[in-house]
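In our numbering, the protein residues as written are 4 to 414.
The beta-carbon is built from N, C-alpha and C at its ideal position, and this holds for glycine as well.
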């Protein structure tokens, strides 16, 4: 296999992709090595990612090997082909939110796509309290479109089954099935900077019989309910945006799963950001309240606009047998609501309880405030674990989050 490096990547492009006419001087950066700053480039966690640019154009080149870049864990390089193929498919569905694809080399597990770094990495901009005015609606539309048009509500049944089989993606499925629901992302390695009281709380939550039951119930739901091809890793480090545009990247975790999972994943991300904003320093409390209100509005709009867009596509393109079945829409919307809140608890707890880097909290330099933010986050998870299957509106969950935030802020 041809292994890309900073030294040979320009030659590779000139030899293999004649449609890309690079003009000297050409610059090459390795994403994740800190050349451009983490808040600009992301982390290059799983794959080798390069930015190649001349005076007029810039490209992202992504290569998968048989090991993860950061941890060295064995992993099929075929994930690169899955990502290439699903990006092409999603670009036909909702092109405004998916980078253009220029080249795929399956022998060497390489593809080349549009560089969207003219936009900002959303996670780090949110840590600076930048408020993207349209990002919840845009994210909701991206998910609703890519979910509906890869579901059996729209696709011929045989085509749908073929699509699920093609994107079985068993190795990456197991990362989510085990890491999110069983706790390998840190359940026995609690953040030591937060002290023994925090470790004790996380251990109690992880071992609580009812929460264990809920985690396994949600895991079974995730594993058995293949409604659509999900993004699988939909969070603010995989979103580039400005005040009017959004582009979504990193789609290698695509496989069949519930509609609700991607919504739960991004809601977990917003909950973490909300907990951080509840405790990180602001010039005044008025600024904090504005930021907190904004983040709560993101949670609400992500769900409500997702449902609105989904049923716009449904009204236009769903199979007639589903359209005429009384009560189907209402039941589906409620299932998505409840499941996404349960998945949000699983995703959030798997990240917050352990000792993984979490930029949303790590931007808080005062360790006492950072610890309080993480206590709040775990408390929200506990509430969602215990109540996810009884919520009837997104506002009910938001009211619980507000109440918990006020309790922790008052301590």
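- Less than 9 angstroms separates the beta-carbon of residue 309 from that of residue 266.
- For the segment 136-195, not one full-length beta strand (DSSP E) segment reaches 3 residues or more.
- Rounded to the nearest angstrom, the Cβ distance from residue 361 to residue 275 is 7 angstroms, consistent with a contact under 8 angstroms.
- When the beta-carbon positions are compared, residue 171 and residue 259 come within less than 9 angstroms of each other.
- A Cβ-Cβ separation of about 6 angstroms places residue 332 in contact with residue 314 under the 8 angstroms criterion.
- The count of Cβ pairs closer than 8 angstroms, one atom from the segment 117-128 and one from the segment 243-251, reaches three, so the stretches are in contact.
- Residue ranges of uninterrupted alpha helix (DSSP H) with 4 or more members, entirely inside the segment 50-119 and ordered along the chain, are 82-96.
- DSSP places residue 204 outside any beta strand (DSSP E); the residue lies instead in the alpha helix (DSSP H), whose first and last residues are 198-210.
- Shortest Cα-Cα distance from residue 369 to any of 218, 390, 284 involves 284.
- Here residue 33 is bridged, per DSSP, to 53.
- For residue 305, there is no enclosing beta strand (DSSP E); the residue is part of the alpha helix (DSSP H) that begins and ends at 288-320.
- The Cβ atoms of residue 22 and residue 105 lie closer than 9 angstroms to each other.
- By the criterion of a C-beta distance shorter than 7 angstroms, residue 408 is surrounded in its chain by 281, 379, once the five residues flanking it on both sides are discounted.
- With respect to residue 350, residue 272 sits close: the two C-beta atoms are nearer than 9 angstroms.
- Under the DSSP definition of a beta bridge, residue 250 partners with 243.
- Contact between residue 193 and residue 406 does not hold, since the beta-carbon distance rounds to 26 angstroms and is not under 8 angstroms.
- Look at residue 267 here: in three-state DSSP terms it is helix.
- Beta-bridge pairing by DSSP links residue 232 to 259.
- Apart from the 5 residues on each side of it in sequence, residue 150 sits with its Cβ closer than 6 angstroms to the Cβ of 231, 262 in its chain, given in chain order.
- Excluding the 5 residues flanking it on each side, residue 59 has same chain C-beta neighbours closer than 8 angstroms at 26, in chain order.
- Bounds of the alpha helix (DSSP H) holding residue 129 are 125-130.
- Taking C-beta atoms as the reference points, residue 62 and residue 115 count as a pair closer than 9 angstroms.
- For the pair residue 18 and residue 94, the Cα-to-Cα distance works out to about 26 angstroms.
- In this structure, the CA atom of residue 101 is about 43 angstroms from the CA atom of residue 413.
- Taking C-beta atoms under 8 angstroms as the contact rule, residue 339 and residue 305 fail to qualify, at a distance of about 11 angstroms.
- Look at residue 357 here: in three-state DSSP terms it is strand.
- Taken atom to atom, the span from the alpha-carbon of residue 341 to that of residue 386 is near 13 angstroms.
- Residue 29 has its alpha-carbon roughly 43 angstroms from the corresponding atom of residue 290.
- When C-alpha distances from residue 213 are compared across 136, 153, 392, the shortest belongs to 392.
- Nearest in C-alpha terms to residue 67, of all of 111, 24, 99, is 111.
- Annotation for residue 96: 148, 149, 152 place their beta carbon closer than 6 angstroms to its own, counting only its chain and skipping 5 residues before and after.
- The residues 229, 259, in chain order, have a CB closer than 6 angstroms to that of residue 167 in the same chain once the five nearest residues on each side in sequence are set aside.
- The three-state secondary structure of residue 402, taken from DSSP, is helix.
- Judged by DSSP secondary structure, residue 381 falls within the alpha helix (DSSP H) whose first and last residues are 370-390.
- Under the criterion of beta carbons closer than 8 angstroms, residue 201 and residue 377 qualify as touching, at roughly 7 angstroms.
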